[in-house]
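Chains as they are written, first to last, in our numbering: chain A, 1 to 147; chain B, 1001 to 1147; chain C, 2001 to 2079; chain D, 3001 to 3079.
Positions of the beta carbon are idealized from the N, C-alpha and C atoms, including for glycine.
Every value quoted in this text rests on a predicted model; they were computed, and no experiment measured them.
Worksheet: one structure, shown below.
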Amino acid sequence: MKSAYKVTEISIDTEALLAFVGDPAAGGATLFVGTTRNENEGRVVERLEYEAYEAMAVEEMRRIGDEIAHRWGIVAVSMVHRVGVVPVGQVSVAVAVSAAHREEAFAACRFGIDTLKATVPIWKKEYYEGGEHWVGPCHAHGAAGRG
Amino acid sequence: MKSAYKVTEISIDTEALLAFVGDPAAGGATLFVGTTRNENEGRVVERLEYEAYEAMAVEEMRRIGDEIAHRWGIVAVSMVHRVGVVPVGQVSVAVAVSAAHREEAFAACRFGIDTLKATVPIWKKEYYEGGEHWVGPCHAHGAAGRG
Amino acid sequence: MTVRVLFFAYLRERCGVREAAIDLPEGATVSDLWSRLLSRFDKLPAEPPRFAVNRLYVDKAHPLHDNDELALIPPVSGG
Amino acid sequence: MTVRVLFFAYLRERCGVREAAIDLPEGATVSDLWSRLLSRFDKLPAEPPRFAVNRLYVDKAHPLHDNDELALIPPVSGG
Chain A
1 MKSAYKVTEI
11 SIDTEALLAF
21 VGDPAAGGAT
31 LFVGTTRNEN
41 EGRVVERLEY
51 EAYEAMAVEE
61 MRRIGDEIAH
71 RWGIVAVSMV
81 HRVGVVPVGQ
91 VSVAVAVSAA
101 HREEAFAACR
111 FGIDTLKATV
121 PIWKKEYYEG
131 GEHWVGPCHA
141 HGAAGRG
Chain B
1001 MKSAYKVTEI
1011 SIDTEALLAF
1021 VGDPAAGGAT
1031 LFVGTTRNEN
1041 EGRVVERLEY
1051 EAYEAMAVEE
1061 MRRIGDEIAH
1071 RWGIVAVSMV
1081 HRVGVVPVGQ
1091 VSVAVAVSAA
1101 HREEAFAACR
1111 FGIDTLKATV
1121 PIWKKEYYEG
1131 GEHWVGPCHA
1141 HGAAGRG
Chain C
2001 MTVRVLFFAY
2011 LRERCGVREA
2021 AIDLPEGATV
2031 SDLWSRLLSR
2041 FDKLPAEPPR
2051 FAVNRLYVDK
2061 AHPLHDNDEL
2071 ALIPPVSGG
Chain D
3001 MTVRVLFFAY
3011 LRERCGVREA
3021 AIDLPEGATV
3031 SDLWSRLLSR
3041 FDKLPAEPPR
3051 FAVNRLYVDK
3061 AHPLHDNDEL
3071 ALIPPVSGG
């Protein structure tokens, strides 16, 4: 299985991702791109800023890719996450999977982005009209310290 | 909802498709591309050749897009199918859907390609080592005529 | 009335024709047209394909009108 | 032994530090290290984050070794 994982500070080249997973043995490929939305929970979002524990993020993507290869017969997988400022409308993350048949390509791509969002050590700070905050499941960033 | 549907004789520009469905209101987009595989049911495939009832194909894609918009809250959808010769490894069909959240983008994209393959009047002729034939669910092309 | 009939893919190749203009009595249905086609094109299979009239799938009872465009739709295989 | 501790995102901002070198007795676990960190960084929340040692998630009972890299992983929000 071909695979490639990356954290990047520049725009994500989705065309290169699709080219990477393209293969004569593949009947199809599914690509998911996450893009910065102009609205979140009622706030007007101006931009997002991502921070990564880069070395672990890439290793964790590789573990997800290996799990995908174990669960589904796929031809190639690639995951890329951008860090730094990502303006509204631009791509922050991309997951591409090719397989002999589309069932596998869809299931593996969906598993890839779902698992990436749950386990890969990357954090998003939202800059919105009137403030900024770190996005987290429990808004733990807002919890008071002990001191 | 933004939408675009096309039958084309030249290479499918997936980057343009992603750009088309991109939108500040979209949190993500799912793209599926179908590519010519080098093998099918044990035969070595040399190329595929597609024929379309173009006017109806585009209308049928639009009906699928409207159904998608009716079932899921999406931001934009685009479908393109190539006709004529498609060499091994190249893209024959692409479906892209953007939505506020990835659940909708995945479900709608999957519905789009599944329904396209079932209803859009396009036919594939497979050229393989030692022969050629029209691909069909029942290999109806092989049935004897009455005369 | 006259109906324009379109042939695609393996039906086009077998019958050696891309389209044909068929005259029919007023009130004729897709089913009537299919019978007419069977008598004119002996390479057509007995089992009918799907039909589309003016770019919409229809069933065999669908009534035809002058200048309708009827397409014979063999099993599709796009994708 | 010495363990290198990495701070990210809101923990990095609250504690005002990206990394720290912490000395620990042999046989110390992640849990022991967390207690040490709580006494040194008063902006740390009482509730521990997830931990990764040498870029793998581990639980609090995980034994530490000299030169290990321990990361405090607040709730991730990539995507």
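What residues of chain A sit near residue i, judged by a beta carbon separation below 7 angstroms?
i, result
"residue 1113 of chain B", "102"
Output yes if chain B places a C-beta closer than 7 angstroms to the C-beta of residue i; else output no.
i, result
"residue 26 of chain A", "yes"
"residue 20 of chain A", "no"
"residue 2048 of chain C", "no"
"residue 2009 of chain C", "yes"
Report the neighbours of residue i on chain C: residues whose CB is nearer than 9 angstroms to its CB, in chain order.
i, result
"residue 1081 of chain B", "2078 and 2079"
Based on DSSP bridge pairs, tell me the residues matched to residue i.
i, result
"residue 3050 of chain D", "D:3073"
"residue 1123 of chain B", "B:1051"
"residue 1086 of chain B", "B:1048"
"residue 131 of chain A", "A:128"
"residue 6 of chain A", "A:80"
"residue 1017 of chain B", "Partner(s): none; residue 1017 of chain B has no beta bridge."
"residue 3004 of chain D", "D:3021 and D:3069"
"residue 2011 of chain C", "For residue 2011 of chain C, which the question treats as bridged, DSSP gives no partner whatsoever."
"residue 2056 of chain C", "C:2053"
Hey, is residue i's beta-carbon within less than 7 angstroms of any beta-carbon in chain A?
i, result
"residue 1088 of chain B", "yes"
Near residue i, what residues of its chain come up, given a Cβ to Cβ distance below 7 angstroms and the 5 sequence neighbours on each side ignored?
i, result
"residue 2020 of chain C", "2005"
"residue 60 of chain A", "119, 120 and 121"
"residue 2000 of chain C", "Any property of residue 2000 of chain C remains undetermined from this structure, which presents chain C solely from 2001 to 2079."
"residue 18 of chain A", "29, 31 and 96"
"residue 2049 of chain C", "2011, 2072, 2073 and 2074"
"residue 3041 of chain D", "3015"
"residue 63 of chain A", "none"
"residue 2066 of chain C", "2001 and 2002"
At a Cβ threshold of 7 angstroms, is residue i touching chain D?
i, result
"residue 6 of chain A", "no"
"residue 45 of chain A", "no"
"residue 2 of chain A", "no"
So with CB distances below 7 angstroms, who are the chain D contacts of residue i?
i, result
"residue 56 of chain A", "3052, 3055 and 3071"
"residue 51 of chain A", "3008 and 3009"
For residue i, go through chain B and note every residue whose CB falls closer than 9 angstroms to its CB, in chain order.
i, result
"residue 35 of chain A", "1022, 1023, 1024, 1026, 1027, 1028, 1029 and 1098"
Starting from the beta carbon of residue i, find every residue of chain A whose beta carbon is closer than 8 angstroms, and list them in chain order.
i, result
"residue 1015 of chain B", "14 and 15"
Whose C-beta lies closer than 6 angstroms to the C-beta of residue i among residues of the same chain, with five residues either side of it excluded?
i, result
"residue 2038 of chain C", "2044"
"residue 3052 of chain D", "3071 and 3073"
"residue 1025 of chain B", "1075"
"residue 2017 of chain C", "2007"
"residue 43 of chain A", "128"
"residue 3061 of chain D", "3029"
Leaving out five residues on either side along the sequence, give the residues of the same chain with a beta carbon under 8 angstroms from the beta carbon of residue i.
i, result
"residue 20 of chain A", "2, 4, 76, 78 and 96"
"residue 102 of chain A", "27, 28 and 30"
"residue 132 of chain A", "125 and 126"
"residue 3027 of chain D", "3063"
"residue 50 of chain A", "81, 82, 83, 84, 86, 92, 122, 123, 124 and 125"
"residue 1058 of chain B", "1005, 1006 and 1007"
"residue 1089 of chain B", "1035, 1036 and 1038"
"residue 45 of chain A", "36, 37, 38, 39, 88, 126, 127 and 128"
List, in chain order, every chain B residue whose beta-carbon is nearer than 7 angstroms to that of residue i.
i, result
"residue 110 of chain A", "1106"
Against chain C, does residue i count as a neighbour if the rule is that its beta carbon must be under 7 angstroms from one of theirs?
i, result
"residue 1124 of chain B", "yes"
"residue 1128 of chain B", "no"
"residue 1059 of chain B", "yes"
Using a cut-off of 9 angstroms between C-beta atoms, extract the partners of residue i located in chain D.
i, result
"residue 136 of chain A", "3009, 3010, 3074, 3075, 3076 and 3077"
"residue 93 of chain A", "3078 and 3079"
"residue 209 of chain A", "Absent from the structure is residue 209 of chain A, since the part of chain A shown begins at 1 and ends at 147."
Which chain D residues sit within Cβ distance under 8 angstroms of residue i?
i, result
"residue 75 of chain A", "Under the 8 angstroms cutoff, chain D gives no residues; its nearest Cβ is about 24 angstroms from residue 75 of chain A."
Return yes when the C-beta of residue i is under 6 angstroms from any heavy atom of the ligand FAD, and no when it is not.
i, result
"residue 3043 of chain D", "Among the ligands in the structure shown, none appear at all, so the ligand FAD cannot be discussed."
Does any residue of chain E have a CB that is nearer than 7 angstroms to the CB of residue i?
i, result
"residue 1093 of chain B", "Among the protein chains of the structure shown, namely A, B, C and D, there is no chain E."
As an exercise, report each continuous alpha helix (DSSP H) stretch of at least 4 residues that is fully enclosed by the stretch 1020 to 1082 of chain B, in chain order. The qualifying runs are 1054 to 1071.
Can you list, in chain order, the stretches of the beta strand (DSSP E) that have 3 or more residues and sit fully within the stretch 91 to 117 of chain A? Unbroken beta strand (DSSP E) runs of no fewer than 3 residues, entirely contained in the stretch 91 to 117 of chain A, are found at 91 to 99, following chain order.
Considering only residues of the stretch 3015 to 3047 of chain D, which uninterrupted alpha helix (DSSP H) runs meet the minimum length of 4 residues and lie entirely inside it, listed in chain order? Counting only unbroken stretches of 4 or more residues, the alpha helix (DSSP H) elements lying wholly within the stretch 3015 to 3047 of chain D are 3030 to 3040, in sequence order.
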